[in-house]
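According to the UniProt record's numbering, the sequence shown holds residues 1 to 282 in order. Every residue, glycine too, gets a C-beta built ideally from N, C-alpha and C. The model shown is predicted, which means the values in this text are computed figures rather than measured ones. So the structure is just underneath, and the comments pick up after that.
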Amino acid sequence: MNSKYTTLLNNLNEQLNFIDLEIDDQIKKCEQAIAIILKSIKELKKVTSKINFKSQTEEIKFFKEIKPQFTSKLIYFNRVYKIEMKKPNGGNRILKKYNNNELLKLKAFFDSELEFYQYYRSGSTYLDYKYFLRGKFDIKLALDSYYFETDTSFSTSHDFKVATILANDLIQLYLENQLIMIDNKDISEKSQRKPNIKLMWTGSKVALTELLYALHSEGVFNNGAVDLKDIAEYFEHTFEIDLGQYRRAFLEIRARKSERTKFITSLNETLLKRMDNADDIA
Numbered sequence: 001m002n003s004k005y006t007t008l009l010n011n012l013n014e015q016l017n018f019i020d021l022e023i024d025d026q027i028k029k030c031e032q033a034i035a036i037i038l039k040s041i042k043e044l045k046k047v048t049s050k051i052n053f054k055s056q057t058e059e060i061k062f063f064k065e066i067k068p069q070f071t072s073k074l075i076y077f078n079r080v081y082k083i084e085m086k087k088p089n090g091g092n093r094i095l096k097k098y099n100n101n102e103l104l105k106l107k108a109f110f111d112s113e114l115e116f117y118q119y120y121r122s123g124s125t126y127l128d129y130k131y132f133l134r135g136k137f138d139i140k141l142a143l144d145s146y147y148f149e150t151d152t153s154f155s156t157s158h159d160f161k162v163a164t165i166l167a168n169d170l171i172q173l174y175l176e177n178q179l180i181m182i183d184n185k186d187i188s189e190k191s192q193r194k195p196n197i198k199l200m201w202t203g204s205k206v207a208l209t210e211l212l213y214a215l216h217s218e219g220v221f222n223n224g225a226v227d228l229k230d231i232a233e234y235f236e237h238t239f240e241i242d243l244g245q246y247r248r249a250f251l252e253i254r255a256r257k258s259e260r261t262k263f264i265t266s267l268n269e270t271l272l273k274r275m276d277n278a279d280d281i282a
């Protein structure tokens, strides 16, 4: 990379790091970051206008690798600014839905630009002469309308798309971190809301073992992505009970000559009876 480009990028990163450390308010942070990035891009444009690229390879490198490092930051902070400004007032459930919707927007961009995304991510170069040389646009390459309004001396048909891909990676991390923070807040709030009564398992260990295997077989915990051992330990901790050799107990259950699912069947019959009684009362 040209030493002037390196200096510009290093200075920009230092200023953005300083803002990140000094400003906690996300909206104010974005406002200051955008102002700094715009100045840096303006300086980058001035430096570039004074340099004649020695070859097409050098020009391609600038618009494919160097310029997007600047413009991706502008896209990122501008998008985060809009996300924060439009964030709804509400509880954790509303905020989770909002952030997940923003993630869906990123996926929509990925889906609409899949062909170029795969080209760029795979490190392909065979179309670089069309994508990253000025004045070499091809209308058949699904150009965005804004390209025709840009300064063609400082833009190619796809350098902004590269910047958007880089920015979207950061935006995805930002949104995922927001969701993690909401989940942690949920956990914290739930841990503070303790039940008024302590529940003890007063049924037999064999019955609980039967229930344990049934729930694990149904895959009701973590979309089925959890080990039987983890569920057993959770039951033992929650109900303060030692299930002992529950795997051996399951073998004995499986070997029953009649009514192997004795407890599950009893649950079903009891619930149906309760439903029938409720119908009678109604």
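Classify residue i: buried if its beta carbon has 16 or more other beta carbons within 10 angstroms, exposed otherwise.
{"i": "D159", "result": "buried"}
{"i": "N277", "result": "exposed"}
{"i": "A282", "result": "Any reading at A282 is ruled out, since the residue's pLDDT is 48, under 50, leaving its predicted position unreliable."}
{"i": "L212", "result": "buried"}
{"i": "P88", "result": "exposed"}
{"i": "N10", "result": "exposed"}
{"i": "Y246", "result": "buried"}
{"i": "Y234", "result": "exposed"}
{"i": "T6", "result": "exposed"}
{"i": "S258", "result": "exposed"}
{"i": "K64", "result": "buried"}
Starting from residue i, follow the alpha helix (DSSP H) in both directions and report where the run begins and ends.
{"i": "A255", "result": "Element bounds for A255: n/a, residue is neither H nor E."}
{"i": "residue 287", "result": "Because the chain here runs from 1 to 282, residue 287 falls outside it and cannot be looked at."}
{"i": "I241", "result": "Looking at the DSSP string, I241 is not in any alpha helix (DSSP H), and its letter there is neither H nor E."}
Under the three-state reduction of DSSP, which class applies to residue i: helix, strand or coil?
{"i": "H158", "result": "coil"}
{"i": "N52", "result": "coil"}
{"i": "A214", "result": "helix"}
{"i": "A282", "result": "For A282, the predicted structure reports a pLDDT of 48, less than 50, and the residue's modelled location is therefore unreliable. The matter cannot be settled from this model."}
{"i": "M200", "result": "coil"}
{"i": "E31", "result": "helix"}
{"i": "N2", "result": "coil"}
{"i": "V220", "result": "coil"}
{"i": "R79", "result": "helix"}
{"i": "R260", "result": "coil"}
{"i": "V206", "result": "helix"}
{"i": "T265", "result": "helix"}
{"i": "T152", "result": "coil"}
{"i": "A225", "result": "coil"}
{"i": "K180", "result": "Here the sequence assigns Ile to residue 180, which means Lys is not the residue at that position. Helix, per DSSP."}
{"i": "D230", "result": "helix"}
Exercise for the section: Taking only runs that begin and end inside the region 84–146, name each unbroken alpha helix (DSSP H) of 4 or more residues, in chain order. Expected result: Listed in chain order, the complete alpha helix (DSSP H) runs (minimum 4 residues) inside the region 84–146 are 92–112, 114–121, 128–131.
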